[in-house]
Amino acid sequence: MTHSMLLAANADHVLVLDGGRIVDKPAFAAYLRGHDGVHRAHAVQVLTVSASGIARVVSFNQPELLATFGMAQTLSSAAAAAGQRR
Numbered sequence: 077m078t079h080s081m082l083l084a085a086n087a088d089h090v091l092v093l094d095g096g097r098i099v100d101k102p103a104f105a106a107y108l109r110g111h112d113g114v115h116r117a118h119a120v121q122v123l124t125v126s127a128s129g130i131a132r133v134v135s136f137n138q139p140e141l142l143a144t145f146g147m148a149q150t151l152s153s154a155a156a157a158a159g160q161r162r
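Encoded structure:
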């Protein structure tokens with residue numbers, strides 16, 4: 077068990093605990109576009125959702141953590157544009 081996402085990055089599984097119970101929370105990646113058009117990992121955003129909507133957003137601003145969540149480190153311009161059209 078750790079409170080450090082840097083240590084969790086080396087784990088086989090990452091579980092989120094809330095009040096001693098395992099919970100599943102939605103997460104998404106944030107990318108920044110470089111001058112070369114490539115979108116590079118910036119952060120992982122984890123949401124806490126309540127009955128009335130999003131109650132909390134926790135941002136892990138460590139790009140190396142995206143792999144822990146199965147997210148790509150970079151996106152091509154075409155892939156990023158496709159995501160914007162959804």
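Heads up: the sequence shown begins at 77 in my numbering, then just goes up one per residue. Ideal Cβ positions, reconstructed from N, Cα and C, are used throughout, including at glycine. Just so we're clear, the structure is a prediction, and the values are computed from it rather than from any experiment.
Close CB contacts of His115 within its chain, under the 6 angstroms cut and outside five residues either way in sequence, are with Tyr107, Arg109, Leu151, Ala156 (chain order). The DSSP-derived three-state label of Ala131 is strand. Counting of Cβ neighbours within 10 angstroms places Phe104 among the exposed residues, the total staying below 16. Following the DSSP letters along the chain, one finds Ala148 in no beta strand (DSSP E), marked with neither H nor E.
When DSSP reads this structure, Gln121 sits in a beta bridge with Phe104, Ser135. Scanning Gln121, Asp112, Phe145, Ala148 for the CA closest to the CA of Val134 turns up Gln121.
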